[in-house]
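First up is the structure itself, then whatever we jot down about it.
There are 2 protein chains.
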Amino acid sequence: MSANKFDAFAISDANYDPLTPLSFLRRTALMFPDRRAVVYGERQYSWQAFYDRCKKLASALSRAGIQKGDTVAILAANTPEMVEAHFGIPMSGAVLNTVNTRLDDETIAYILGHGEAKVFIVDYELAPQTKRALELHGDKDLLVIDILDLKNTSHPSAIGSQDYESFLSTGSEDDEWAMPTNEWDAIGLSYTSGTSGRPKGVVYHHRGSYLMSMGTITDWDLPRHPNYLYTVPMFHCNGWGHAWTMAAIAGTIFCTRAIDPEEIFSTILEHEISHFGGAPIVLSMLLNSPAAKDFVCNHKIELMTAGAPPPAAVLQGVEKLGFNVTQVYGLTETYGHTVMSTWNSDWDNLDAEARAKLKARQGAAMVMTAGMRIVDMESGIDVPADGETIGEILIRGNTIMKGYLKDQDNTAKSLKDGWFHTGDLAVMHAQGYAEIKDRLKDIIISGGENISSVEIEGVLHKHPAVSLAAVVALPDEKWGEVPCAFLELLEGKSVSEIEIDTFCRSHLAGFKRPKKVIFGELPKTATGKIQKYELRALARSGKLN
Amino acid sequence: MSANKFDAFAISDANYDPLTPLSFLRRTALMFPDRRAVVYGERQYSWQAFYDRCKKLASALSRAGIQKGDTVAILAANTPEMVEAHFGIPMSGAVLNTVNTRLDDETIAYILGHGEAKVFIVDYELAPQTKRALELHGDKDLLVIDILDLKNTSHPSAIGSQDYESFLSTGSEDDEWAMPTNEWDAIGLSYTSGTSGRPKGVVYHHRGSYLMSMGTITDWDLPRHPNYLYTVPMFHCNGWGHAWTMAAIAGTIFCTRAIDPEEIFSTILEHEISHFGGAPIVLSMLLNSPAAKDFVCNHKIELMTAGAPPPAAVLQGVEKLGFNVTQVYGLTETYGHTVMSTWNSDWDNLDAEARAKLKARQGAAMVMTAGMRIVDMESGIDVPADGETIGEILIRGNTIMKGYLKDQDNTAKSLKDGWFHTGDLAVMHAQGYAEIKDRLKDIIISGGENISSVEIEGVLHKHPAVSLAAVVALPDEKWGEVPCAFLELLEGKSVSEIEIDTFCRSHLAGFKRPKKVIFGELPKTATGKIQKYELRALARSGKLN
Numbered sequence: 001m002s003a004n005k006f007d008a009f010a011i012s013d014a015n016y017d018p019l020t021p022l023s024f025l026r027r028t029a030l031m032f033p034d035r036r037a038v039v040y041g042e043r044q045y046s047w048q049a050f051y052d053r054c055k056k057l058a059s060a061l062s063r064a065g066i067q068k069g070d071t072v073a074i075l076a077a078n079t080p081e082m083v084e085a086h087f088g089i090p091m092s093g094a095v096l097n098t099v100n101t102r103l104d105d106e107t108i109a110y111i112l113g114h115g116e117a118k119v120f121i122v123d124y125e126l127a128p129q130t131k132r133a134l135e136l137h138g139d140k141d142l143l144v145i146d147i148l149d150l151k152n153t154s155h156p157s158a159i160g161s162q163d164y165e166s167f168l169s170t171g172s173e174d175d176e177w178a179m180p181t182n183e184w185d186a187i188g189l190s191y192t193s194g195t196s197g198r199p200k201g202v203v204y205h206h207r208g209s210y211l212m213s214m215g216t217i218t219d220w221d222l223p224r225h226p227n228y229l230y231t232v233p234m235f236h237c238n239g240w241g242h243a244w245t246m247a248a249i250a251g252t253i254f255c256t257r258a259i260d261p262e263e264i265f266s267t268i269l270e271h272e273i274s275h276f277g278g279a280p281i282v283l284s285m286l287l288n289s290p291a292a293k294d295f296v297c298n299h300k301i302e303l304m305t306a307g308a309p310p311p312a313a314v315l316q317g318v319e320k321l322g323f324n325v326t327q328v329y330g331l332t333e334t335y336g337h338t339v340m341s342t343w344n345s346d347w348d349n350l351d352a353e354a355r356a357k358l359k360a361r362q363g364a365a366m367v368m369t370a371g372m373r374i375v376d377m378e379s380g381i382d383v384p385a386d387g388e389t390i391g392e393i394l395i396r397g398n399t400i401m402k403g404y405l406k407d408q409d410n411t412a413k414s415l416k417d418g419w420f421h422t423g424d425l426a427v428m429h430a431q432g433y434a435e436i437k438d439r440l441k442d443i444i445i446s447g448g449e450n451i452s453s454v455e456i457e458g459v460l461h462k463h464p465a466v467s468l469a470a471v472v473a474l475p476d477e478k479w480g481e482v483p484c485a486f487l488e489l490l491e492g493k494s495v496s497e498i499e500i501d502t503f504c505r506s507h508l509a510g511f512k513r514p515k516k517v518i519f520g521e522l523p524k525t526a527t528g529k530i531q532k533y534e535l536r537a538l539a540r541s542g543k544l545n
Numbered sequence: 001m002s003a004n005k006f007d008a009f010a011i012s013d014a015n016y017d018p019l020t021p022l023s024f025l026r027r028t029a030l031m032f033p034d035r036r037a038v039v040y041g042e043r044q045y046s047w048q049a050f051y052d053r054c055k056k057l058a059s060a061l062s063r064a065g066i067q068k069g070d071t072v073a074i075l076a077a078n079t080p081e082m083v084e085a086h087f088g089i090p091m092s093g094a095v096l097n098t099v100n101t102r103l104d105d106e107t108i109a110y111i112l113g114h115g116e117a118k119v120f121i122v123d124y125e126l127a128p129q130t131k132r133a134l135e136l137h138g139d140k141d142l143l144v145i146d147i148l149d150l151k152n153t154s155h156p157s158a159i160g161s162q163d164y165e166s167f168l169s170t171g172s173e174d175d176e177w178a179m180p181t182n183e184w185d186a187i188g189l190s191y192t193s194g195t196s197g198r199p200k201g202v203v204y205h206h207r208g209s210y211l212m213s214m215g216t217i218t219d220w221d222l223p224r225h226p227n228y229l230y231t232v233p234m235f236h237c238n239g240w241g242h243a244w245t246m247a248a249i250a251g252t253i254f255c256t257r258a259i260d261p262e263e264i265f266s267t268i269l270e271h272e273i274s275h276f277g278g279a280p281i282v283l284s285m286l287l288n289s290p291a292a293k294d295f296v297c298n299h300k301i302e303l304m305t306a307g308a309p310p311p312a313a314v315l316q317g318v319e320k321l322g323f324n325v326t327q328v329y330g331l332t333e334t335y336g337h338t339v340m341s342t343w344n345s346d347w348d349n350l351d352a353e354a355r356a357k358l359k360a361r362q363g364a365a366m367v368m369t370a371g372m373r374i375v376d377m378e379s380g381i382d383v384p385a386d387g388e389t390i391g392e393i394l395i396r397g398n399t400i401m402k403g404y405l406k407d408q409d410n411t412a413k414s415l416k417d418g419w420f421h422t423g424d425l426a427v428m429h430a431q432g433y434a435e436i437k438d439r440l441k442d443i444i445i446s447g448g449e450n451i452s453s454v455e456i457e458g459v460l461h462k463h464p465a466v467s468l469a470a471v472v473a474l475p476d477e478k479w480g481e482v483p484c485a486f487l488e489l490l491e492g493k494s495v496s497e498i499e500i501d502t503f504c505r506s507h508l509a510g511f512k513r514p515k516k517v518i519f520g521e522l523p524k525t526a527t528g529k530i531q532k533y534e535l536r537a538l539a540r541s542g543k544l545n
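Those protein sequences? They're chains A and B, same order as listed.
Position 416 of the first sequence, counted from 1, bears residue number 416 in the UniProt record's numbering, the numbering being contiguous throughout.
Position 329 of the second sequence, counted from 1, bears residue number 329 in the UniProt record's numbering, the numbering being contiguous throughout.
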């Protein structure tokens, strides 16, 4: 298309400003300097104090030689330092690399090497296990900084050359810091836990994180000044971007070092927590906690859940506690949630079961998501919106990663044909709502029939003795594959394999029944996802047959 | 800065999507097809039906030969056709030129010529007066389309070659339409009413309108599904962008052809209107309407007001009616509101007068606004945040116009040094809140002292007999200039010049008192702003001395 009269304008600093979530902090510190930004037990920072600390962190990093595009890694729980890292590190021009706290030494060493970290900030609780990762990594120039428990100054476990507070004091809040000059500049680097092979480094940009926040405010109906409890690990998709989002609406972030149901319940009541998020495993923990019985809350609590599709029984259980659950779907590659199970008031008058089914769907593309499709894996054509035909979920939009760091092959594979290929399987319902059926890897093909392991898990979760269920494919001479169930039972409960089979017969088509049931604790990732690849490997090893 | 490892990614359709408010419509029609989009008396369209009509409009325009970058003008009240124009015209790739309905023939002809309109859609009520504009314009190729009253098919006043519904039926909702390929592409063209000389054509882009909506949702705390009453003329900054914003949150837009207090009050009650906007003149009309006395509303109503700074008495009056007023500030060049008087709960416990003073300020930069400064007109240095020192307001961000169409000189003048120069005068308070004192042109310099005409007007508005007040500079041999007040009185009230002077003496410094008071109806622009340039011209003419 040739240029027209409307194209005759140059972009200028007056009318073009690179989108970045850092702008939220600057504005909120100016407008609401005295409101609480971060609360962590006795420690509380106003937005002005928090901004000053972030500026000092940026300044200290710059003075230590950190330049634009350098990587600064952090291995920490959801403490104020971790929240500060989300602003101070990109404010220095560096890229924030949050590291999963439950990784093994070798993987941490791999990440530090692959991401080319120049600085590594480590929480004192994680220091002992990190020591060996640093030895493996072997980079003597890496600046290691300890986050200490501020109440206890002597830390035999310290592994860094200085502690976080001392490092902050080398910086000044009067130093200038710069907004990104290009909104496509990297802001974050998150390694996927990866079900096989080396973890991949997912790169986020400022534009995506800005729009992620604006879209979350819009679709989660976030008011100004929410009280947000940070139970989602911030190393996981930058904690779904919620630290940046809270800066946009001057919320208060309540930090928590660990997921403890009793602490969550008491924090909700004490601080009138209005919003929090958690993987389905967190929902189960809350539901199964003895503290749940005494929990009575008089204010509204919005709970965002993502990760594995939560069983309907779990969803209903937490709703009974008074939490309004909004399910979302996304991956590390999509900055976290990108699809939301937005409730439609037209459904208000349906019966409880119909409502639960609708609520259990992962949802429709969020406002900042350009599109979601579910396509047939072979033809690449959209499946009909019949709620039955399974296809792969494709997503496109501004909250899709730049790509995998130093990995052109996997970047090209996942971002091909203008869409991000999630590797997740789903069906499409009416009005653009998708329902996840499985990971591509998790589908079980038995006698030529596709069986969704998620469907079987949903049934197993309804059994009163079952706490957690995982179903994978077990090689079978006759059928090719058959379902194999791994069950973790509720404390004090017991059930036999035959009872499970009888239960499944009354809820599932015959060919979908697990042909084998194994009892015991399930292996889980850092974020509470069941490590099905381990179970798949076990099933494939022949040890179960 | 040299490239780093994080720059090694190409932008693709998977991870980059041009920002445009058109995406809101596509998504909401998919997710909420049956919810009401537009209500206009008996006429109601669901989001699906509305989307279909917008697609037909885009298709009809394309089939009529309209191409990307062509201008399509519309002169209409806030009817469904006007809302459709906000989507259907840019969906065709054309630029939407909303024309002020109260302009004279010559100015309309000028706009059609300057904007190079290819299509002109005209409401039947405005046809008679538009006929001469078309004769003056003289472009025989201009496709003129009549918006008719759907209840009445015979319209002697029709001036077009076809009516809107017939034109729609030449298009098909099955035709493809395209999102913009560049978010910097023009979406709208709005001519400023201009206090002198020819109106200037302000050009908006898709990115700005998208961010305007997201910022409004965030800062005005807009929930999903508001009931929005469209009292702000849509020819004015595209009605503050609210049609696009409502599409993002699946609200319902209630159209209204005219500003009628009785109709507004009854619509609010009948349709549970949750949000609306209006210039201060609308607030005054509501307040002074006999219907106000009987108005009792049981639900919360959010009212956004912009334009001239509303007198504190008016603000307090409408709050008593049950409206929560949020004041905003902006210009046509800033897509409408860009600064908002966001309430800070720290102020809740102040006394009523202190709260009213805080509420009367125009506010702080909104979340999508990159920055606001108030600078000394001579030195260009920021004035201190002392609430006293007057300077010019500068604004920058993504919701600043591309520039003035075919007017490089004025574009360069207004967008110089990386900031948009508003020409408005204000003082800066703490926490980034600005308070408008005057237009540059409206400052009165008397005996070397700067006098704010707005301050005097604020005092005059407190007088129980005064409905509207405007103060301008009157040339004076001794003092250079002295304040001259023009007053419109409330029906049935009377007051003498001496009484006004006595009233002013008790509220103003002596040198700020109007030295002359004129009673009578005040000239107003289409948007209800008092046309001070006419009063200034009158004062300068010597006829008053």
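Heads up, the beta-carbon is just placed ideally off N, CA and C, and yes, glycines get one too.
Since this is a predicted model, take the numbers as computed values, not measurements.
CA-to-CA distance, residue j to residue i, given in whole angstroms
i, j, result
"I66/A", "D417/A", "37 Å"
"Y40/A", "L143/A", "26 Å"
"K478/B", "G447/B", "8 Å"
"I159/B", "H299/A", "59 Å"
Beta carbon proximity, residue i to chain B, threshold 8 Å
i, result
"S12/A", "yes"
"F420/A", "yes"
"W479/A", "no"
"T342/A", "yes"
"T326/A", "no"
"S92/A", "no"
CB contact below 8 Å: residue i versus chain A
i, result
"Q431/B", "yes"
"Y16/B", "yes"
"P33/B", "yes"
"W184/B", "yes"
"S172/B", "no"
Contact check, residue i vs residue j, beta carbons under 8 Å
i, j, result
"A248/A", "T218/B", "yes"
"P226/A", "D221/B", "no"
"M285/B", "I301/B", "no"
"L468/A", "E488/A", "yes"
For residue i, three-class secondary structure by DSSP
i, result
"N288/B", "helix"
"C237/A", "helix"
"V328/A", "strand"
"N396/B", "The question names Asn, but residue 396/B is Arg in the sequence shown. Here R396/B sits in strand by DSSP."
"N450/B", "strand"
"S196/B", "Residue placement at S196/B is flagged as unreliable, the pLDDT there being 49, under the threshold of 50; the coordinate-derived value follows with that caveat. Looking at S196/B - three-state DSSP - the assignment turns out to be coil, as it is neither helix nor strand."
"T20/A", "coil"
"I376/B", "Looking at the sequence shown, residue 376/B is not Ile but Asp. In this structure, D376/B counts as coil in the three-state DSSP scheme."
Interface flag, residue i vs chain D, CB-CB below 8 Å
i, result
"W240/A", "The structure shown contains no chain D; its protein chains are A and B."
For residue i, the first and last residue of its enclosing beta strand (DSSP E)
i, result
"L15/A", "For clarity, residue 15/A is Asn in the given sequence; the question names Leu instead. No beta strand (DSSP E) holds N15/A; DSSP gives it neither H nor E."
"Q44/B", "R43 to S46"
Limits of the alpha helix (DSSP H) - the one that residue i falls within
i, result
"T305/B", "First-last for T305/B: I301 to T305, but that is the beta strand (DSSP E), not the alpha helix (DSSP H)."
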